[in-house]
Every structure is written in C-alpha cells, then in structure tokens.
Amino acid sequence: MKKIAETNLYIISIDAKKNRLYQEVRGRWLVPTIGYHYEDDIDRALRLLKPGFTVLNNALKVESLMSPEWRNIAEKIRERIVQSGMKASAEVLPENALTKMQIDRISKEAHFLTKFFSNPQEAEIWLDSLS
1425 MKKIAETNLY
1435 IISIDAKKNR
1445 LYQEVRGRWL
1455 VPTIGYHYED
1465 DIDRALRLLK
1475 PGFTVLNNAL
1485 KVESLMSPEW
1495 RNIAEKIRER
1505 IVQSGMKASA
1515 EVLPENALTK
1525 MQIDRISKEA
1535 HFLTKFFSNP
1545 QEAEIWLDSL
1555 S
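For the sequence shown, this note's numbering assigns the number 1425 to the initial residue and increments by one for each residue that follows.
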C-alpha cells in the first residue's frame, strides 16, 4: 500500500498489486479550503493505476453531509475516476440514510458504478472477488 496524501479530511492510498484506489474520508466536509489539494491528490493516485482498477471509499468517519461546494467537487472527481478506467467501486458508509442518499445521487450523476457496505472488510472481499 502506498499513501499518496493525508489531511484532516482524507487519506488517499493505492495498492498497485490489487490495482486499487483507497479513499478514507473523515471529519466535516463543509467548506472547500484553498489549502486542500484533493483533486490533485486523486489525479496523482490515478496516474499510478491501470485501467480496470477498483475503488474502496471508506466514509465511516465522516461527521457531516457534504456542502453543495464539496458535492460539486466530489461529482467531478467521480467522473474523472470513471474516465480513468474504473471497473467498480465499494462505498463503506455509516448507517445514515441521508449520507447514503447523498453518495448514491452523486455516484449516479457521475455514472459511477458502486455498491454499498457497512464495513471495509466486506467491501474489500467483494472488490477482490471481481478480479
């Protein structure tokens, strides 16, 4: 596993052997801050993966729904991930209907194929089964 970036809002890593992007998001996604380079960090990770890669998004530590500004950024990033050759994505979400609805809507708008899980181990097993 290679860590690409870490801030108080996210950790982005890749596993080249599994051809997988990992995102762990946490905290309160309210106001995009100029100091964050989320899009650049995702692009750096995508350059290290081959088409057909999978994605594991772990949002268990998120403390709020995304602001409209962050939703727009998230949708653009998901579109970029799809265009880079993503095969499938697993979303690990808290048992919160609003969070799941928000992520589901963003994913659909970005044509982002995803399946929802309540723990990272189940998500990892499912993604492994796709190879």
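Where a beta carbon is used, it is the ideal one built from N, C-alpha and C, also for glycine.
Measuring straight from C-alpha to C-alpha, what distance separates residue i and residue j?
i, j, result
"A1440", "E1519", "30 Å"
"L1445", "E1493", "23 Å"
"L1551", "F1477", "10 Å"
"L1517", "F1541", "6 Å"
"R1495", "I1501", "10 Å"
"L1436", "K1426", "Residue identity differs from the one stated: residue 1436 is Ile in this sequence, not Leu. Answer to the nearest angstrom: the Cα atoms are 9 Å apart."
"E1448", "N1543", "12 Å"
"L1473", "Q1545", "22 Å"
"G1509", "L1470", "9 Å"
"V1479", "R1468", "15 Å"
"K1511", "P1475", "8 Å"
"K1442", "A1514", "14 Å"
The beta strand (DSSP E) spanning residue i covers which residue range?
i, result
"E1430", "1426-1430"
"N1481", "1478-1486"
"S1437", "1434-1439"
"K1539", "1538-1541"
So, is residue i buried or exposed, given that buried needs 16 or more other C-beta atoms within 10 angstroms?
i, result
"I1549", "exposed"
"N1432", "exposed"
"L1554", "exposed"
"D1464", "exposed"
"E1430", "exposed"
"E1487", "exposed"
Can you look up residue i in the DSSP assignment and give me helix, strand or coil?
i, result
"K1511", "coil"
"A1521", "Because A1521 carries a pLDDT of 49, less than 50, the predicted location of this residue cannot be relied on, and no value is offered for it."
"R1495", "helix"
"R1468", "helix"
"S1553", "helix"
"G1459", "Here the model assigns G1459 a pLDDT of 46, short of 50, so the residue's position is not dependable and the matter cannot be decided."
"R1452", "coil"
"K1500", "helix"
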